[in-house]
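Step one of this worksheet: look at the structure below.
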Amino acid sequence: MTSSDSEAGMSVTRNGTPIVLDTSALLAWLLGETGADVVREAIGPRAVVSAANWAELARKVSDKGIDWPQLRNALVALGLNVEPVTAADAETSATIGERGDGLSLGDRLCIAVGRRLNCNVLTADTAWTQLPGVVLIRRGAGRP
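In our numbering, the protein residues as written are -4 to 139.
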């Protein structure tokens, strides 16, 4: 599935394959924003978050006053898996996108992990829309 054929309401997983969740997608779900239903469908034993995005999520929810240890335990209990970022992922991330395209290092690492696992990546960030394997959880989304 590519970004061009993925919108809220369509299945985001393929026959039990993993699905990588970007920080923006997890935040949309946690905060009840548009697209949360798409993320809710993906949460479970097949759901993966890169270690880089895990760190980003911890920081962002803590900044919002959310109890990170409690949230962390709840996410793990729901089956969310934290996937290490490898040296190969780091090298792949250096080849993703172009300068000035709005993709952060965390974004690129998330996409690289998705490529390594050969699965889709859920995001709320429209800067990713031209990349293969990206599922945008809502139209008109920007950076959280």
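Built from N, CA and C at the ideal position, the CB exists for glycine as well.
- Is it the case that the Cβ atoms of R41 and P13 are separated by a distance below 8 Å? Yes; because the gap between Cβ atoms is below 8 Å, this pair is in contact.
- Taking the alpha-carbon positions, what's the T29 to A23 distance? Cα to Cα, T29 sits roughly 7 Å from A23.
- Task: Take every Cβ of the stretch 83 to 102, pair it with every Cβ of the stretch 64 to 71, and state whether three or more of those distances are shorter than 8 Å.
- Result: In short, these stretches do not touch, since the Cβ pair count stays below three.
- Message: Could you give the first and the last residue of the continuous beta strand (DSSP E) run that contains T18?
- Response: In the DSSP assignment, T18 falls outside any beta strand (DSSP E) and lies within the alpha helix (DSSP H) extending over T18 to L25.
- Message: Using a Cβ-Cβ cutoff of less than 7 Å, which residues in the same chain neighbour G146 once the five nearest sequence positions on both sides are dropped?
- Response: For the chain, the structure presents residues -4 to 139; residue 146 sits outside this window and is missing.
- Message: Rounded to the nearest angstrom, what separates R35 and T18 at their Cα positions?
- Response: When rounded, the distance between both Cα atoms is 14 Å.
- Task: Determine the extent of the beta strand (DSSP E) in which V129 is found, giving its start and end residues.
- Result: Looking at the DSSP string, the run of the beta strand (DSSP E) that includes V129 is V129 to L131.
- Message: Taking the straight line between their C-alpha atoms, what separation do you get for N48 and R94?
- Response: Take the alpha-carbon of N48 and the one of R94: they are about 21 Å apart.
- Unbroken beta strand (DSSP E) run spanning E51, endpoints: Premise fails: E51 lies in the alpha helix (DSSP H), A46 to D58, not in any beta strand (DSSP E).
- Within its chain, find whatever has a CB closer than 7 Å to the CB of D84; leave out the 5 residues flanking it on each side and keep chain order. Sequence-distant Cβ neighbours of D84 in its own chain, meaning closer than 7 Å and more than five residues away, are L104, A107, V108 and R111.
- According to DSSP, what are the bridge partners of V77? According to DSSP, which records beta bridges pairwise, V77 is partnered with V44.
- Task: Kindly indicate which three-state DSSP category I91 falls into: helix, strand or coil?
- Result: I91 carries a coil assignment under DSSP once its states are collapsed to helix, strand and coil.
- Message: Could you compute how far the alpha carbon of Q125 sits from the alpha carbon of L98?
- Response: Spanning the two alpha carbons is a distance of roughly 12 Å.
- Query: Alpha carbon to alpha carbon, what distance is there between G101 and A119?
  - Reply: Cα to Cα, A119 sits roughly 14 Å from G101.
- Pull up the distance between the alpha-carbon of V33 and that of V80, whole angstroms please. The C-alpha of V80 is placed about 25 Å away from the C-alpha of V33.
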